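Colleague:
Chains as they are written, first to last, in my numbering: chain U, -14 to 258; chain V, 946 to 1281.
1. Using CA atoms only, rank isn't needed, just tell me which of U:121, U:41 and U:3 is closest to residue 55 (chain U).
2. Could you give the distance in angstroms between the alpha-carbon of residue 1186 (chain V) and the alpha-carbon of residue 86 (chain U)?
3. Taking a cut of 9 Å between CB atoms, which residues from the region 177 to 193 of chain U lie near chain V?
4. So if I threshold CB-CB distances at 9 Å, which residues from the region 112 to 124 of chain U count as touching chain V?
5. Considering just the uninterrupted stretch of the alpha helix (DSSP H) at residue 158 (chain U), what are its terminal residues?
6. Give the residues from the region 1135 to 1164 of chain V that approach chain U closer than 9 Å (Cβ to any Cβ), ordered along the chain.
7. Between which two residues does the alpha helix (DSSP H) containing residue 132 (chain U) stretch?
8. Closer than 9 Å, Cβ to Cβ, to anything on chain U: give me those residues from the region 1077 to 1101 of chain V, in chain order.
9. Just the Cα atoms here: how many angstroms apart are residue 1131 (chain V) and residue 1271 (chain V)?
10. According to DSSP, residue 1018 (chain V) sits in a beta bridge with which residue or residues?
11. Could you work out which residues of chain V lie near residue -5 (chain U), taking near to mean beta carbons separated by less than 7 Å?
12. Rounded to the nearest angstrom, what separates residue 1259 (chain V) and residue 1252 (chain V) at their Cα positions?
13. I need the DSSP call for residue 1026 (chain V), collapsed to helix, strand or coil.
14. DSSP on residue 114 (chain U), reduced to helix/strand/coil?
15. Closer than 8 Å to a non-hydrogen atom of the ligand MG - does that hold for the CB of residue 155 (chain U)?
16. Roughly how far, in whole angstroms, is the beta-carbon of residue 1025 (chain V) from the beta-carbon of residue 1016 (chain V), given that I think they are within contact range, below 8 Å?
17. Just curious, the alpha helix (DSSP H) that residue 1047 (chain V) is in, first and last residue?
18. Could you tell me which chain U residues have their CB closer than 7 Å to the CB of residue 1282 (chain V), listed as they occur along the chain?
19. When the Cα atoms are used, what is the spatial distance from residue 1182 (chain V) to residue 1158 (chain V)?
20. Does residue 217 (chain U) have its Cβ less than 9 Å from a Cβ in chain V?
21. Quick check: the Cα distance between residue 1129 (chain V) and residue 1109 (chain V), rounded to an integer number of angstroms?
22. Are residue 128 (chain U) and residue 1216 (chain V) close, meaning C-beta to C-beta below 9 Å?
23. Starting from residue 189 (chain U) and walking both ways along the alpha helix (DSSP H), at which residues does that stretch end?
24. To the nearest angstrom, report how far apart residue 907 (chain V) and residue 1274 (chain V) are at their CA atoms.
25. For residue 27 (chain U), decide whether its Cβ has a neighbour in chain V, counting only Cβ atoms nearer than 9 Å.
26. Any beta carbon from chain V within less than 9 Å of residue 49 (chain U)'s own beta carbon?
27. If you compare alpha carbons, which of U:200, U:45 and U:68 is closest to residue 132 (chain U)?
28. Using 8 Å as the cut-off, can you tell me whether the region 145 to 155 of chain U makes contact with the region 215 to 229 of chain U, which would need three or more C-beta pairs spanning the two stretches below that distance?
29. Which residues, in chain order, does the region 1108 to 1126 of chain V contribute to contact with chain U at a C-beta distance below 8 Å?
30. Can we say the region 105 to 113 of chain U touches the region 1238 to 1248 of chain V, given the rule of at least three CB pairs closer than 8 Å?
31. Measure the alpha-carbon distance for residue 1223 (chain V) versus residue 1038 (chain V) and round it to whole angstroms.
32. Since residue 208 (chain U) and residue 52 (chain U) should fall inside the 8 Å C-beta cutoff, what is the C-beta to C-beta distance between them, to a whole number of angstroms?
33. Would a check of beta-carbon distances place residue 994 (chain V) closer than 9 Å to chain U?
34. So with CB distances below 8 Å, who are the chain V contacts of residue 107 (chain U)?
35. So the candidates are U:40, U:2, U:96 and U:114; which of them puts its Cα closest to the Cα of residue 199 (chain U)?
36. Which of the three DSSP states is assigned to residue 221 (chain U) in this structure?
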């Protein structure tokens, strides 16, 4: 193909890509404008200087640090818990080949597809009965199980391919099932487990419906819920919305840059599996 | 929503393997030779915590929800059994039908459009940009398209509702700046327009997922196929149609299925962008059940809505998985 035809396609693709990231750029530009500058120059002008008071005000008003701590705590605990649960399940299904494993697996798949709307009210009601309503623990428990449904599904198919000779050799050397799991299966499956950890963390970070219902007090809310509720109340002016948007975007951006390899590799793993 | 669908990329196709491959038979034979014990089943202990947790957190609440859908209940006191009354009421509820109609629009925005655009983009990036401009350029472009996928939907909603604001919103300002001021709209506040605006935002959110899955799928296509086709004088579109599409058909099934399910579940975007408004113009089943549960506190009726949604999703999922397995079997048959 000639260069004459080559470049228009590339330019078109770059314009498309620019359109995808444009909202982020507009947000970043406007988050450092002062309210006066915003109202006189509008959203499209370049900032005259860097004005960080808007961000600072917003941070303090919503106690954003606390929200970050909550999100990290909840997402981190869920990622770890769900991986442990997935590994145990997948060990029994993929390597133990327990009887009825096809049905067990189908059960996990369907559980994974269930809309949260069909669980939300009973979960809300039961957690109130159990005294766990409006605690971070309740959200951690629920999402550990929900994420483990997917993790079981993926890991079981990965472990189904695990080289049997290694396990047999370890068993002959006298290792019990527990030792085989932690000393052999887990270390060998580390790449897949790493992918799951990252995905569980980000998925839980982004969850909205259940945390919205379960976490009502300011001290327990996650970043997503706090921002979503603020937006829903329509109480924010333009500058505040902007600060909210930027502070919401930044952690996602950090995850994206840190985990980009894992994210794309993870999707590749699954698509090939 | 956005991220949930990623599960599909990896999940959907695993079922093909797993149970019943060669390794297991060797072990079984080994054990049978030893005696009639069934040592296999002691692995069931490892499943115990998982199964118990699933019953407590998913099965029990789900059954409760289904049970409540046959009752009238305000969330306190004893539910009153009313049989199918809630479902009969749903059939006559125009709000219910409207919410499912809007779901179809969401399927277009979150499954159909992203799949088609994702296919063209993936093929263009893989087969054209990758070949002529190197993998660096591909990686940068792919990252740009994928970025909205890692964003919490609540944050995406804030970003867009600010951009789409009727006064001082960036989009309207931009239109004014380029002399198209007459096209300015109240994008999310106009009942005739709001649904299409939400659809546009969802396309933006969703497009990265099919793109990344398709690009991963293209990696396993034999490059010789393309070379041979090129030697035969096939143009880009013909290669796309006759090689790319058939080769990554399994990925297309997975993406369509998972994006459709994600579209039926969409909640956060509607909550943050429009709250189902204006005047119910963007109401969807999940948001409808949410408000019925927690604002109207008609728990029985809300449970009925979510049960209908669940049945639709499960039927779709089973049909999709079946179709996919059959397609894969057929394909494997052809290859052998």
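Note that CB positions come from ideal geometry on N, CA and C, so glycine has one too. These numbers were taken from a predicted model, which means no experiment stands behind them.
Modeller: A quick look at the data gives this:
1. U:121
2. 39 Å
3. 180, 184, 187, 188, 190, 191, 192 and 193
4. none
5. Careful: residue 158 (chain U) lies outside any alpha helix (DSSP H) and carries neither H nor E.
6. 1149, 1152, 1153, 1154, 1157, 1158, 1159, 1160, 1161, 1162 and 1164
7. 121 to 144
8. 1077, 1078, 1082, 1084, 1085, 1086, 1087, 1088, 1089, 1090, 1091, 1092, 1093, 1094, 1095, 1096, 1097, 1098, 1099, 1100 and 1101
9. 47 Å
10. Residue 1018 (chain V) pairs with nothing; no bridge assigned.
11. 1074 and 1078
12. 10 Å
13. strand
14. helix
15. Among the components modelled here there is no ligand, and therefore nothing to report on the ligand MG.
16. 6 Å
17. 1039 to 1052
18. Residue coverage of chain V in this structure runs from 946 to 1281, which leaves residue 1282 (chain V) outside it and unanswerable.
19. 20 Å
20. yes
21. 10 Å
22. no
23. 175 to 191
24. Outside the modelled stretch of chain V, which goes from 946 to 1281, sits residue 907 (chain V), for which no answer is possible.
25. yes
26. no
27. U:68
28. no
29. 1108, 1110, 1113, 1114, 1115, 1118, 1119 and 1122
30. yes
31. 18 Å
32. 5 Å
33. yes
34. 1005, 1006, 1007, 1009, 1010 and 1013
35. U:114
36. coil
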